[in-house]
Structures are given as C-alpha cells and as structure tokens.
Amino acid sequence: NAGVTQTPKFQVLKTGQSMTLQCAQDMNHEYMSWYRQDPGMGLRLIHYSVGAGITDQGEVPNGYNVSRSTTEDFPLRLLSAAPSQTSVYFCASSNPAGTSGGRETQYFGPGTRLLVL
Amino acid sequence: DAKTTQPPSMDCAEGRAANLPCNHSTISGNEYVYWYRQIHSQGPQYIIHGLKNNETNEMASLIITEDRKSSTLILPHATLRDTAVYYCIVRVSGTYKYIFGTGTRLKVLA
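Chains S and B, in that order, give the protein sequences. For reference, each letter of the first sequence is one residue, going 1301 to 1417 in our numbering. For reference, each letter of the second sequence is one residue, going 639 to 748 in our numbering.
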C-alpha cells in the first residue's frame, strides 16, 4: 500500500490564483481530512469527510473548498490564493470507530508546501 | 470544545524516560486523548490513545489522571530518534474534529 499520497510536494502561487491540492489513500478509509500547519504552530483542521459525498468544516475552512466523490480521493481547492494561505498542508485518513471515539489511527501524508506571493 | 495545553519544550537524556504532560481540563466524559508526534516536517505519526485507563503499546505508555483533566505520555527509554514535536489531541465529542494543541518539542540529548 502507498498509504496517503499528496501532490504536489511544493507549489508557488501568485495572489488571486486558484489551485487544487490532491490527496489520495489506498486503505479504503472512510474518514479523510485536511490540516494546515503554519511555521512553529500545530495543525489546524480545515475540512474533513466521513465518506463519499459527505464533507464538513473544521476550524479554519474559509478560502478552501473540498469535495469527496470517491472513497480514495479528497482534493482541497484554494479559490483565490492569499499570502495568509502560505503554509504546509497535510492530508490524513482513518477508519473511525464511531463518533464516540475509538481505535482509529490517522495516517498522514507527507505534506504539500505552499507559498503564496 | 475541549482543548489541550502542553509545555513548549523539554529535554531528556538518551536512555532515560521522557515524561510529556498534557492538560485537557475541559475534556468531556467520552472524549479520547490521542498522542501523535512529528519528526522534522514530516506528517504526524500516531503513538497511542486512551479514555480512562492507562495504556501501553510498543512505543509508549499513557497515564491518564482519575479526573481525566491531564495525562502524561511516557517514552520509557528515549533515543535520539525520539527527538520530535509531540502533540496531545482530543476529538470533539460527537464529531470528527480533532483539536491539536501547540505540541511539546522534545530534544533527546546524547
């Protein structure tokens, strides 16, 4: 298994440009999520999905869109890039054991480093 | 929403036990506590999780206080490869929102 893969590894954008960060997993996980990590900070949840066709907002959803048309893929779209979106973006997946918590383990991808000029 | 607080940094001598504390005083009764670590700028790696009882696996032990307001991650024999940022995380009850704290930067010294 490749686990969680993310593309691209690094991207430079100009303010106002749009782009899509790709995330794919081959573990048949129901749950997928996107986080951003700013320099010296912890991870903050952007959006997450509990299955195909189901998405929800995390802590910092503004400026980002997501969709989940398949179990494997969970792309993150930046609609109009801003310098404040310069960050490292991590995608993660897991098979949650239910909303009461449980034995799920989140597997993280290697990250996409985004620089917005 | 439950949040966590951790000391920003700690040092530990190689071969000694590393004890990393976490405060989660607002945690509710059915919220689990998870620990992950991040080495350099890689994606975080799962270590252990627990609800009420102490837990142990091949990587670490997790001690949760009886009132569940704090916990301690124990790396029994720290090595240089354990140098990383360690995150104590809670999942908001009834949701799939994971709240990362600021993490503790552990430096294992030779």
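All residues carry an ideal CB built from backbone N, CA and C; glycine is no exception.
Spell out whether any CB of chain B is found under 7 Å from the CB atom of P1308 (chain S).
-> no
Round the Cβ separation of Y1389 (chain S) and R1336 (chain S) to the nearest angstrom and send it over; I've been treating them as touching at under 8 Å.
-> 5 Å
Please find out if some non-hydrogen atom of the ligand NAP comes closer than 6 Å to the beta-carbon of S666 (chain B).
-> In the structure on display, the ligand NAP does not appear, and there are no ligands present to speak of.
Exposed or buried, which one is H678 (chain B) when buried takes at least 16 other CB atoms within 10 Å?
-> exposed
Of all Cβ atoms in chain S, is any one closer than 7 Å to the Cβ of Y724 (chain B)?
-> no
Whether Y670 (chain B) touches Y725 (chain B) by CB criterion (7 Å) = no
With DSSP as the reference, label D720 (chain B) as helix, strand or coil.
-> helix
What residues in its chain sit with their C-beta under 7 Å from that of L700 (chain B), if we drop five residues either side in the sequence?
-> W673, I686, G688, N692, E693, S709, L711
Answer yes or no: does any C-beta atom of chain S fall closer than 7 Å to that of P646 (chain B)?
-> Not closer than 7 Å to any Cβ of chain S, the Cβ of P646 (chain B) fails to qualify, so no.
Enumerate in chain order the residues of its own chain whose CB-to-CB distance from S663 (chain B) is below 6 Å, with the five nearest sequence positions on each side excluded.
-> K707
Do you know how far the Cα of I665 (chain B) is from the Cα of D1373 (chain S)?
-> Rounded to whole angstroms, D1373 (chain S) and I665 (chain B) show a C-alpha spacing of 32 Å.
Bridge-paired residues (DSSP) for L713 (chain B) = In the DSSP assignment, L713 (chain B) forms a beta bridge with B:A656.
Own chain residues within Cβ distance below 7 Å of Y684 (chain B), not counting five before or after | Its chain contains Y674 as the residues whose beta carbon lies nearer than 7 Å to that of Y684 (chain B), once the 5 sequence neighbours on both sides are disregarded; these appear in chain order.
Beta strand (DSSP E) segments (min. 3 residues) lying fully within the segment 642–710 of chain B | 647–651, 656–661, 671–676, 683–688, 699–702
Measure the CB-CB distance between A722 (chain B) and Q676 (chain B) and report whether it falls below 7 Å.
-> yes
Through-space distance from G1363 (chain S) to S1380 (chain S), alpha-carbon basis = 7 Å
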